[in-house]
Amino acid sequence: HHEGTKPYCPPFVEFDGQAWEKIKHSYSFWRSDNIEFDEKAAGQKFGLLKAGGWWKPTNCNPVHNVTLIVPYRDRPSQLKKFILHMHSFLQLQMIQYKILVIEQVDEKPFNRGKLLNVGFAESVKNSPTHCYIFHDVDLLPENIKNIYGCTQHPRHMSATVNSFRYLLDYKELFGGAVAILRDQFKKVNGFSNQFFGWGGEDDDFYRRLMDKGISIIRLSPIVSSYRMLPHAKQSENDKRFDTLKQGKERYEKDGLNSLRYTVINHIEGILYTVIQVKL
Ligand code: NGS
Numbered sequence: 001h002h003e004g005t006k007p008y009c010p011p012f013v014e015f016d017g018q019a020w021e022k023i024k025h026s027y028s029f030w031r032s033d034n035i036e037f038d039e040k041a042a043g044q045k046f047g048l049l050k051a052g053g054w055w056k057p058t059n060c061n062p063v064h065n066v067t068l069i070v071p072y073r074d075r076p077s078q079l080k081k082f083i084l085h086m087h088s089f090l091q092l093q094m095i096q097y098k099i100l101v102i103e104q105v106d107e108k109p110f111n112r113g114k115l116l117n118v119g120f121a122e123s124v125k126n127s128p129t130h131c132y133i134f135h136d137v138d139l140l141p142e143n144i145k146n147i148y149g150c151t152q153h154p155r156h157m158s159a160t161v162n163s164f165r166y167l168l169d170y171k172e173l174f175g176g177a178v179a180i181l182r183d184q185f186k187k188v189n190g191f192s193n194q195f196f197g198w199g200g201e202d203d204d205f206y207r208r209l210m211d212k213g214i215s216i217i218r219l220s221p222i223v224s225s226y227r228m229l230p231h232a233k234q235s236e237n238d239k240r241f242d243t244l245k246q247g248k249e250r251y252e253k254d255g256l257n258s259l260r261y262t263v264i265n266h267i268e269g270i271l272y273t274v275i276q277v278k279l
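As structure tokens, then:
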């Protein structure tokens with residue numbers, strides 16, 4: 001069957017919240033930390049026929065094709081909930097997607113920005129898409145209208161989160177879940193690699209975008225709502241304010257063009273691909 005003859009895929013959209021309720025009720029494990037499920041059965045249920053956690057609708061042409069990059073370390077129960085939720089959610093949206101988990105396996109403090117750079121670099125090397133979504137593992141989108149695709153401006157997707165009473169913290173916030181075109185990400189040299197420990201890397205990234213004259217957008221608070229999975233507080237990076245201040249002089253030399261890492265393992269799982277790295 002020729003691709004060109006297929007109609008485009010319309011996303012499944014209901015009234016606010018209904019799709020979330022539908023998905024959520026299928027979670028028997030919602031409040032539990034020991035969730036067990038049969039990966040193979042889940043893969044079959046979601047129609048993930050090839051390895052690596054990618055999917056596309058078969059009887060129509062998807063409007064969006066995205067790679068989700070998820071920085072990760074040592075939160076197995078969150079990862080399971082995230083993965084199951086995202087497959088349900090993204091398939092209702094009828095888009096083509098791949099879930100790429102980048103796991104930090106060294107002893108250094110967690111470096112979200114560098115892990116996202118690694119995910120981008122590995123994806124561009126192996127199977128690039130025009131649109132990238134950088135996504136924390138503890139955030140679950142609630143509104144099916146929050147389409148997982150790129151807009152012309154980079155988009156802050158997770159503008160309102162239940163644990164912050166659905167209020168945007170500050171207008172420059174650009175963390176959590178963001179969608180950005182590949183060329184825009186390249187233009188700003190990606191994230192800084194220097195933020196080890198919690199905080200600041202997303203603010204630095206926002207400033208990189210502003211520096212290049214790329215403004216960001218958000219959809220309405222209701223569309224941009226997320227649920228945060230509870231977890232202990234991360235250890236903060238005490239140097240983050242100083243690193244942030246050096247800003248501009250680092251942008252051209254600290255980022256995608258200075259990225260060094262070692263891939264320890266590349267596992268094409270049934271539900272997602274995981275790349276284990278030392279930073
Ligand atoms: C800022 C952090 C950001 C962080 C944001 C929201 O203070 O990295 O809070 O965090 N910036 C610095 O520390 C310089 S949140 O409340 O969502 O945990 O993303």
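Residue numbers for the sequence shown follow my numbering, so the first one is 1 and each next one is one higher. Every residue gets a Cβ at the ideal spot worked out from N, C-alpha and C, and that includes glycine.
Quick check on DSSP: helix, strand or coil for T280? In the structure displayed, the chain extends from 1 to 279; residue 280 sits before or after that span and is not available.
Sufficient close CB pairs (3 or more, under 8 Å) joining the segment 104-122 to the segment 47-63: Cβ pair count under 8 Å is below three, so no.
Using the C-alpha atoms, what's the distance from C9 back to H1? The residue labelled residue 1 in the question sits at position 1 within the sequence shown. The residue labelled residue 9 in the question sits at position 9 within the sequence shown. Because the pLDDT of H1 is 49, which lies under 50, any placement of that residue in the model is unreliable, and the number read from its coordinates should be weighed accordingly. Taking the straight line from one Cα to the other gives about 16 Å.
Check for me: the alpha helix (DSSP H) holding Y206 runs from which residue to which? Taking the first residue of the sequence shown as position 1, residue 206 is located at position 206. Counting along the chain, the alpha helix (DSSP H) containing Y206 begins and ends at 201-211.
Counting pairs of beta carbons, one from the segment 235-242 and one from the segment 169-182, are three or more of them closer than 8 Å? no
Please determine, among A42, N126, L79, the residue with the shortest C-alpha to C-alpha distance to T67. For the purposes of this step, residue 67 is taken as the residue at position 67 of the sequence shown. Residue N126 is the option with its Cα nearest to T67.
Between the C-alpha atoms of Q234 and G52, what's the straight-line distance to the nearest angstrom? As a working mapping, residue 234 is identified with position 234 in the sequence shown. As a working mapping, residue 52 is identified with position 52 in the sequence shown. Note on geometry: alpha-carbon atoms of Q234 and G52 lie some 29 Å from one another.
Where DSSP assigns a beta bridge to H156, which residues make up the other side? Numbered from 1 along the sequence shown, position 156 holds the residue referred to as residue 156. In DSSP, H156 forms a bridge with V178.
Apply the 10 Å Cβ neighbour rule to E172 and answer buried if 16 or more other Cβ atoms are within range, or exposed otherwise. Start at 1 with the first residue of the sequence shown, and residue 172 comes out as number 172. Answer is exposed; the Cβ neighbour count stays below 16.
Return the Cβ separation of V137 and M228 in integer angstroms, given the expectation that the two are a contact with Cβ distance under 8 Å. Counting from 1 along the sequence shown, the entry for residue 137 is found at position 137. Counting from 1 along the sequence shown, the entry for residue 228 is found at position 228. A Cβ-Cβ separation of about 10 Å leaves V137 out of contact with M228 under the 8 Å criterion.
Count the C-beta pairs between the segment 81-88 and the segment 153-170 that are closer than 8 Å, then say yes if the count reaches three, no if not. Not touching, per the Cβ criterion.
Every unbroken alpha helix (DSSP H) inside the segment 26-95 [4 residues or more]: 39-45, 76-92
Output the distance between the C-alpha atoms of E201 and T5, rounded to the nearest integer angstrom. Along the sequence shown, read from residue 1 onward, the residue named residue 201 stands at position 201. Along the sequence shown, read from residue 1 onward, the residue named residue 5 stands at position 5. Spanning the two alpha carbons is a distance of roughly 44 Å.
Taking 8 Å as the cut-off, does the segment 109-121 touch the segment 247-266 (at least 3 CB pairs, one atom from each stretch)? With the cut-off at 8 Å, the segment 247-266 and the segment 109-121 touch.
Quick one: does the C-beta of R155 sit closer than 6 Å to a heavy atom of ligand 1? For this step, residue 155 is matched to residue 155 along the sequence shown. False, no ligand heavy atom lies under 6 Å from that Cβ.
Backbone secondary structure at L256 - three-state DSSP: Translated into the one-based positions of the sequence shown, residue 256 becomes position 256. Correct three-state label for L256: helix.
Beta-carbon gap between Y226 and L115 smaller than 7 Å: Within the sequence shown, residue 226 is the residue found at index 226, counting from 1. Within the sequence shown, residue 115 is the residue found at index 115, counting from 1. No, they are not a contact pair.
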